[in-house]
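Residue numbers (my numbering), protein chains in the order written: chain S, 1 to 270; chain W, 271 to 377.
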């Protein structure tokens with residue numbers, strides 16, 4: 001049975017699109033047929049992060065409106081056969097994302113894919129609510145910082161009350177915390193909330209910790225999901241998170257300050 | 271953390287401050303999250319009604335929506351210590367009407 005996974009946060013700039021791209025890539029690497037959908041109508045960016053911006057012909061809104069069919073709009077990833085990208089439209093009409101239309105498209109995607117990863121826009125407006133409405137599972141992307149943690153708490157509340165599962169009295173949306181931009185060095189100095197602090201405050205299961213890493217900007221510069229960079233700490237941390245999502249036990253890595261060895265200093269590996 | 275750090279890193283405890291602030295603000299926001307929309311209006315009207323009979327200040331009335339097991343509990347606390355009964359004719363009339371007392375003819 002296909003699973004709809006929403007990547008959400010409330011606050012902007014915490015790493016939702018990076019996470020959606022990396023997570024979808026990670027699921028595809030594990031052999032699951034995966035599509036990643038951009039819900040940020042009017043501010044399309046997933047295509048850039050996935051490196052397929054020049055291959056966009058039809059988009060999500062075209063398919064909702066019946067101007068194109070699904071297979072015309074889906075972009076097949078060139079690096080992994082299991083991975084597909086579903087870009088959004090650059091229209092300024094935010095209401096173009098009609099709920100019945102989204103429902104119909106998701107139902108069609110469910111017949112073709114194992115995982116449907118929805119990249120939510122920031123905020124709690126129409127696009128964000130539509131992205132989380134159909135979710136079976138949610139990944140709450142949070143930075144160890146006060147405004148991000150507060151907004152995550154708000155989104156957790158909205159998932160519990162306004163998702164379709166909540167409306168239909170079905171089992172609740174499965175919640176997972178993903179802590180991103182974590183800097184173990186600053187945590188050790190008492191300058192940043194610890195993993196345990198955030199876990200305790202939000203009280204949802206921790207899926208993973210992604211360390212602050214230069215490789216994330218490098219990945220977005222080149223249009224490569226960071227999970228395809230298995231050399232980088234962030235890439236490895238995302239692959240761990242995907243493994244945990246699939247039910248495996250993995251020790252939490254990259255949460256302690258790293259000793260800088262000569263190799264890293266000389267070659268600048270992040 | 272050595273002694274030196276104590277002197278040279280003034281922001282050492284900022285994460286602890288962040289955690290404390292978050293706990294307080296979220297406790298407050300979570301409490302309000304499940305409250306029905308009518309609660310503030312109900313609270314205001316209750317105060318208005320009570321004020322017709324006794325003179326109370328706004329801080330002497332507390333309305334709280336809580337949960338006790340499966341039951342939702344609307345708790346209303348009104349402090350009457352030091353509150354004066356209303357004695358103006360208009361209020362006395364209202365109070366009389368509320369008790370449905372027969373009107374007394376004078377003269």
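Every residue gets a Cβ at the ideal spot worked out from N, C-alpha and C, and that includes glycine.
Residue contact with chain S for residue 286 (chain W): present (Cβ-Cβ distance below 8 angstroms to some residue of chain S).
Annotated three-state conformation of residue 194 (chain S) is coil, per DSSP. Around residue 295 (chain W), the beta-carbon contacts reaching into chain S at under 8 angstroms are 150. Put simply, the CB of residue 283 (chain W) is near chain S, with a gap under 8 angstroms to one of its CB atoms. Using a C-beta cut-off of 8 angstroms, the region 112-130 of chain S makes contact with the region 27-38 of chain S, since at least three inter-stretch Cβ pairs fall below that distance.
When DSSP assignments are scanned along the region 207-268 of chain S, the uninterrupted stretches of alpha helix (DSSP H) that are 4 or more residues long and fall wholly within it turn out to be 214-222, 233-245 and 262-267.
Only residues of its own chain outside the window of five on either side were considered, and among them 39, 97, 99 and 102 have a CB closer than 8 angstroms to the CB of residue 130 (chain S), listed in chain order. When the five nearest sequence neighbours on each side are left out, the beta carbons in the same chain lying within less than 6 angstroms of the beta carbon of residue 343 (chain W) are those of 336, in order along the chain. In this structure the region 144-160 of chain S does not lie against the region 70-77 of chain S, because fewer than three pairs of beta carbons, one per stretch, are closer than 8 angstroms. The Cβ-Cβ distance between residue 141 (chain S) and residue 14 (chain S) falls below 8 angstroms. For residue 332 (chain W), no CB of chain S lies under 8 angstroms from its own CB, so it is not counted at the interface with that chain. Residue pairing from DSSP places residue 332 (chain W) in a beta bridge opposite W:347.
Only residues of its own chain outside the window of five on either side were considered, and among them 135, 136, 137, 138, 159, 163 and 165 have a CB closer than 7 angstroms to the CB of residue 173 (chain S), listed in chain order. DSSP places residue 354 (chain W) in the strand class (E or B) of the three-state scheme. In chain W, no part has a C-beta under 7 angstroms from the C-beta of residue 207 (chain S); the shortest such distance is about 20 angstroms.
Boundaries around residue 151 (chain S) are those of the alpha helix (DSSP H), 146-162, since no beta strand (DSSP E) includes it.
The region 18-29 of chain S and the region 76-84 of chain S touch, with three or more beta-carbon pairs separated by less than 8 angstroms. DSSP places residue 170 (chain S) in the coil class of the three-state scheme, outside both helix and strand. Close CB contacts of residue 333 (chain W) within its chain, under the 6 angstroms cut and outside five residues either way in sequence, are with 313 and 346 (chain order). When 7 angstroms is used as the limit between beta carbons, residue 314 (chain W) is near no residue of chain S, the shortest such separation being about 25 angstroms.
For residue 159 (chain S), there are no C-beta contacts with chain W under 9 angstroms, since the nearest C-beta of that chain is about 12 angstroms from it.
Residue-level contact check: residue 303 (chain W) touches chain S, since one or more beta carbons of chain S fall below 8 angstroms from its beta carbon. Closer than 8 angstroms at the C-beta level to chain W, one finds these residues of the region 180-197 of chain S: 187, 189, 190, 191, 192, 193, 194 and 197. Following the DSSP letters along the chain, one finds residue 318 (chain W) inside the alpha helix (DSSP H) bounded by residues 309-323. Setting aside the 5 residues that flank it on each side, residue 213 (chain S) is surrounded in the same chain by 232, 233, 234 and 270, each with a C-beta closer than 7 angstroms to its C-beta; the list follows chain order. By the neighbour-count criterion, in which a residue is buried when 16 or more other Cβ atoms sit within 10 angstroms of its Cβ, residue 9 (chain S) is buried.
Around the Cβ of residue 47 (chain S), a 10 Å sphere holds 16 or more other Cβ atoms; the residue is buried. DSSP places residue 95 (chain S) within a helical segment (H, G or I) once states are collapsed to three. For residue 292 (chain W), at least one C-beta of chain S is nearer than 8 angstroms to its own C-beta. No residue range can be given for residue 2 (chain S), since it is assigned to no beta strand (DSSP E) and is classified by DSSP as neither H nor E.
Judged by their CB atoms, residue 67 (chain S) and residue 87 (chain S) are not nearer to each other than the 8 angstroms cut-off. Secondary structure note for residue 117 (chain S): its beta strand (DSSP E) is the uninterrupted segment 115-119.
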